[in-house]
Amino acid sequence: MKLSEIKNHLESLTDVVFKLPNGEVVPSHFHVSEVGSIKKHFIDCGGTIRNEDVINFQLWTSVDYDHRLAPQKLKSIIELSEKHLDLSDGEIEVEYQGETSIQKYGLELIDGEFQLTSKFTACLAEDKCGVPQKKPKVRLSAIGQNGACSPNSGCC
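Heads up, the sequence shown is in the working numbering, so the first residue is 6 and it goes up one at a time.
Written out as structure tokens, the structure is:
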């Protein structure tokens with residue numbers, strides 16, 4: 006989700022709810038303790054130089070159980086961040102405390118709730134670093150008549 010999209014969504018919401026990938030809801034007394042820009046300049050294992058720029062939200066909970074962040078308040082925090090940090094309309098990445106470490110998530114709106122989506126590592130240069138391509142799974146019963154290959158079909 007891009008920064009402009011979350012601002013648009015906040016216009017129509019009455020509550021701000023964040024839900025973890027496992028379905029657990031972030032406690033309603035959470036704070037958005039940071040909004041920022043994270044720039045990453047790196048080289049991948051294939052030698053390609055890359056740049057990544059994301060908008061970062063950090064969610065945090067404490068013992069102030071009466072705290073509630075209204076949609077309009079979150080929108081004003083975002084707008085203040087845009088003004089002072091010169092934020093682009095980048096993709097949002099959300100940080101939240103896991104069991105033992107900070108975890109990073111993507112963000113989607115589903116049924117009026119912000120769903121934190123899992124993020125995964127990946128090789129960005131699979132074609133250059135020797136990672137074998139996955140072979141497609143084929144149901145043998147679906148090949149040819151009676152499950153047999155025909156000559157010159159290339160299935161064997």
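No residue lacks a Cβ here, since even glycine has one placed at the ideal position from N, Cα and C.
When rounded, the separation of the alpha-carbon atoms in residue 119 and residue 157 is 53 Å.
For residue 113, the CB contacts under 8 Å within the same chain, skipping 5 residues up- and downstream, are 6, 119, 120, 122 in chain order.
Boundaries of the beta strand (DSSP E) harbouring residue 36: 36 to 48, taken from the DSSP string.
For residue 21, the CB contacts under 6 Å within the same chain, skipping 5 residues up- and downstream, are 74, 76, 79 in chain order. According to the DSSP secondary-structure assignment, residue 113 is paired through a beta bridge with 120. Counting along the chain, the unbroken alpha helix (DSSP H) around residue 77 starts and ends at 76 to 90. Of all alpha-carbon atoms in 32, 116, 144, the one lying nearest the alpha-carbon of residue 68 is that of 32.
Taking C-beta atoms under 8 Å as the contact rule, residue 9 and residue 94 qualify, at a distance of about 5 Å.
Rounded to whole angstroms, the Cβ separation of residue 34 and residue 65 is 10 Å, and the two are not in contact under 8 Å.
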